[in-house]
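One structure below.
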Amino acid sequence: MAEASPSWSESDLREYQLRELRRTLVNAASYCPFYSRSFAKAGFRPDAMMSLEDFAGCPSLTKQDMQQHFNDLTSTEIADSQKLYITTGGSTGVPVGFHLQKGVSRPKEQAFLEANWRRAGYVDKARLALIRGHVTDSRARDNIIAHDATRNWLMLSSYHLTDERIPEYLE
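At position 135 of the sequence shown (counting the first as 1) the number is 118 in the numbering used here, and the numbers step up by one without a gap.
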């Protein structure tokens, strides 16, 4: 899918976007108590979306919503044994926790990233430097770098990226 989509016409792409957005929002309304309540309160019906412009009626999800309604934001269709709890890096002061689905969320994200990297010229096993939240123990050790030798990746901590520390990233 990710490989084929660059050749789609604009109308095919918009049709796909609408179909997948509608499917995702209908799923959220059906299986996540928070979205069921939020959509009903706003009078938003994802099943009635006929255009991407209809998405304007969808209520926003805030960081505060995520913190206050954590348990109601995970699909009731996902077994507890399939939930992987992770947090954001906390760059704004307080990390926000959420669930990924084990064996599903990360492979989908990786496929998406790699398809886009290939569009920019990346080939598998090529050297790659990433500035993301990969370096999970970086705060404790004050370390900005980790290596993934199997993928030939240099992973740089986004948590420590400050004007003062930029020279370390460029070394």
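Even glycine gets a Cβ: it sits at the ideal position worked out from N, Cα and C.
- The beta carbon of Arg102 sits closer than 8 Å to those of Pro(-11), all from its chain and outside the five residues before and after it, given in chain order.
- Measuring C-alpha to C-alpha distances from Glu97 to each of Gln51, Phe38 and Ala109 identifies Ala109 as the nearest.
- Sequence-distant Cβ neighbours of Ile114 in its own chain, meaning closer than 7 Å and more than five residues away, are Leu139, Ser141 and Leu144.
- Counting along the chain, Phe22 sits inside no beta strand (DSSP E); it lies in the alpha helix (DSSP H) bounded by residues Pro16 to Ala25.
- Here Val9 is near Asp30, since their CB atoms are less than 8 Å apart.
- Taking all protein chains shown into account, Ser21 has 16 or more neighbouring C-beta atoms within 10 Å of its C-beta and is therefore buried.
- Note on geometry: alpha-carbon atoms of Glu3 and Leu(-4) lie some 11 Å from one another.
- Asp131 is bridged by DSSP to Trp136.
- Leaving aside the five residues that flank Arg5 on each side, the residues in its chain whose CB is nearer than 8 Å to its CB run, in chain order, Pro29, Asp30 and Met32.
- Taking 8 Å as the upper bound for CB-CB distance, Ser58 and Tyr14 are in contact here, some 4 Å apart.
- According to DSSP, Leu67 shares a beta bridge with Leu83.
- Inter-residue distance for Asp131 and Ala112 is about 10 Å (C-alpha atoms, whole angstroms).
- With contacts defined as CB atoms closer than 8 Å, Gln84 and Ile69 fail to qualify as a contacting pair.
- The C-beta of Tyr18 has 16 or more other C-beta atoms within 10 Å across all chains shown, which makes the residue buried.
- 8 Å or more divides the Cβ of Ile127 from the Cβ of Tyr105.
- Residue state for Leu96 is assigned as helix, using DSSP reduced to three classes.
- Taken atom to atom, the span from the alpha-carbon of Ile149 to that of Gly80 is near 28 Å.
- Sequence-distant partners of Trp100 (beyond 5 residues in either direction) whose C-beta falls short of 8 Å from its own C-beta, in its chain, are Leu111.
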